[in-house]
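Enquirer: For what it's worth, my numbering labels the leading residue of the sequence shown as 105, then goes sequentially.
Beta carbons are placed, not taken as given, at the ideal position from N, Cα and C, and that holds for glycine.
Bear in mind that the values here come from a model prediction, so they are computed numbers and not experimental data.
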Amino acid sequence: MSTIDNGRTGGLGARLLQDRRLPVLVTAGLFVAMFGFGVYRYQSYGFIDGQVFMNLFIDNGYLLVAAVGATFVILTGGIDLSVGSVIGFTTMLTAWLVEKQHVSVLIVIPVALGVGALGGYLMGYVIHHFEIQPFIVTLAGLFLFRGLCLVISKESISINDSLVGTLAQTHVSLPGGSFLSIAAVVSLVVLAVAFYVLHYTRFGRRVYAIGGNEQSALLMGLPVGGTKIAVYTVSGFCSALSGLLFTLYIQSGDPLHAVGLELDAIAAVVIGGTLLTGGSGYVIGTLFGVLVLGLIKTIIQFEGTLSSWWTKIATGVLLFAFILIQRTMTARRKT
Numbered sequence: 105m106s107t108i109d110n111g112r113t114g115g116l117g118a119r120l121l122q123d124r125r126l127p128v129l130v131t132a133g134l135f136v137a138m139f140g141f142g143v144y145r146y147q148s149y150g151f152i153d154g155q156v157f158m159n160l161f162i163d164n165g166y167l168l169v170a171a172v173g174a175t176f177v178i179l180t181g182g183i184d185l186s187v188g189s190v191i192g193f194t195t196m197l198t199a200w201l202v203e204k205q206h207v208s209v210l211i212v213i214p215v216a217l218g219v220g221a222l223g224g225y226l227m228g229y230v231i232h233h234f235e236i237q238p239f240i241v242t243l244a245g246l247f248l249f250r251g252l253c254l255v256i257s258k259e260s261i262s263i264n265d266s267l268v269g270t271l272a273q274t275h276v277s278l279p280g281g282s283f284l285s286i287a288a289v290v291s292l293v294v295l296a297v298a299f300y301v302l303h304y305t306r307f308g309r310r311v312y313a314i315g316g317n318e319q320s321a322l323l324m325g326l327p328v329g330g331t332k333i334a335v336y337t338v339s340g341f342c343s344a345l346s347g348l349l350f351t352l353y354i355q356s357g358d359p360l361h362a363v364g365l366e367l368d369a370i371a372a373v374v375i376g377g378t379l380l381t382g383g384s385g386y387v388i389g390t391l392f393g394v395l396v397l398g399l400i401k402t403i404i405q406f407e408g409t410l411s412s413w414w415t416k417i418a419t420g421v422l423l424f425a426f427i428l429i430q431r432t433m434t435a436r437r438k439t
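1. Pull up the distance between the alpha-carbon of Thr390 and that of Ser339, whole angstroms please.
2. Could you tell me whether the region 307–323 touches the region 129–148, using the rule of 3 or more Cβ pairs below 8 Å?
3. What's the gap between the Cα of Gly393 and the Cα of Tyr312?
4. Determine the extent of the beta strand (DSSP E) in which Val276 is found, giving its start and end residues.
5. Do Ala174 and Val396 come within 8 Å of each other at the CB atom, strictly closer than that value?
6. Output the distance between the C-alpha atoms of Thr270 and Gln355, rounded to the nearest integer angstrom.
7. Please report how far the alpha carbon of Cys253 lies from the alpha carbon of Gln237, in whole angstroms.
8. Which value, in whole angstroms, describes the spacing of the CA atoms of Thr113 and Arg431?
9. Taking 8 Å as the threshold, find out whether the region 280–296 comes into contact with the region 155–173 through three or more Cβ pairs.
10. Go to Leu284, then tell me how far its beta strand (DSSP E) extends in each direction, as first and last residue.
11. In whole angstroms, what separates the C-alpha of Thr415 from that of Leu422?
12. Where does the unbroken alpha helix (DSSP H) through Leu226 begin, and where does it stop?
13. Could you check which residue in Gln147, Ala334, Val187 and Ile261 has the C-alpha nearest to that of Tyr166?
14. How should His233 be labelled, buried or exposed, when 16 other C-beta atoms within 10 angstroms of its C-beta is the threshold for buried?
15. Quick check on Gly357: does DSSP put it in helix, strand or coil?
16. Could you pull out every residue in the same chain whose Cβ sits closer than 6 Å to the Cβ of Phe193, ignoring the five residues on either side in sequence?
17. Is the distance from the Cβ of Ile256 to the Cβ of Met158 below 8 Å?
18. How is the alpha helix (DSSP H) around Asp368 delimited, first residue to last?
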């Protein structure tokens, strides 16, 4: 190969690594490859059925909403470890109010969303005004909300409310005989709203600017403090909404619901191509990250001979791979 060819190849490789869309394209390609493998290996078991694909949204809708909220935070260079605890607390609060206090679900929903948003707001306020690392503040939030679960009840609370049952069983029919649950539809609406906000609003541009370089954002006169507080409020709201969707999915409240789910949400965001250092990423990538994690579980279920722990192993391997891709990309941008 000539020197010119080497230069062209090197230049092409460098441009490819500097393309912010590369991680999303890699994740999307991985999902397509995994799904193609599933169709090839399990076609006789009905893997090619359209409902199998739709079940990825039905079974992971709550995770998608939580991951969307985490995307806002991570884009600013922050982290939110309270996601799983807020989800668990929301299931307990909902179950307790509906079953023990006989409060209407229509009243419980805005109350739960308000509590989640307030929790996120308070954490964002402490992070900004007291200049404490997000890891520490949200870790405190994790313990606080998990403890509040136990204050409500140490036992699981089943929900037998007719409206909750109706919402859980309601399906939206699609062509080909497949369907989506209400929770899955809500998660896709949240994804669409987040996509619009991040890419077509002034608030979204501020989020990316802060994650790219907070000092530069300050010098540009952007409201850094208010934006950072807002993204944690968004994350708290999304976590509470995720908790409501999880309640529909499981129809109960339990102090141990969603333990560690914040790690699944962060993993989905990272696998989806959002840089942990902030400033780069797409919420569509988060969708593919969630679908990849869901597809891993589906393939393991179809295989039938593998333990569910292989989900964690596969997730860990993917995280290492995408962190290496991120590291290579950021190193190229600095040179």
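Expert: Inspection of the coordinates gives the following:
1. In a straight line, the C-alpha of Thr390 is about 14 Å away from that of Ser339.
2. The region 307–323 is not in contact with the region 129–148.
3. Rounded to whole angstroms, Gly393 to Tyr312 spans 20 Å at the Cα level.
4. Run containing Val276: His275 to Ser277, per the beta strand (DSSP E) assignment.
5. In this structure, Ala174 does not lie closer than 8 Å to Val396 by Cβ.
6. Between Thr270 and Gln355, the C-alpha separation is close to 11 Å.
7. Straight-line measurement puts the Cα of Gln237 at about 25 Å from the Cα of Cys253.
8. Residue placement at Thr113 is flagged as unreliable, the pLDDT there being 49, under the threshold of 50; the coordinate-derived value follows with that caveat. C-alpha of Thr113 to C-alpha of Arg431: approximately 21 Å in a straight line.
9. Short answer: they touch.
10. Start and end: Phe283 to Ser285.
11. Using only the alpha carbons, I get a separation of about 11 Å.
12. Counting along the chain, Leu226 sits inside the alpha helix (DSSP H) bounded by residues Val209 to His233.
13. Here the closest residue by C-alpha is Val187.
14. Around the Cβ of His233, a 10 Å sphere holds fewer than 16 other Cβ atoms; the residue is exposed.
15. Note: Gly357 maps to strand in three-state DSSP.
16. Shown here for Phe193: same chain residues with a beta carbon closer than 6 Å to its own, the five before and five after excluded, namely Phe249, Leu252 and Cys253 in chain order.
17. Contact check for Ile256 against Met158 fails: the beta carbons are separated by 8 Å or more.
18. First-last of the alpha helix (DSSP H) with Asp368: Leu365 to Ile375.
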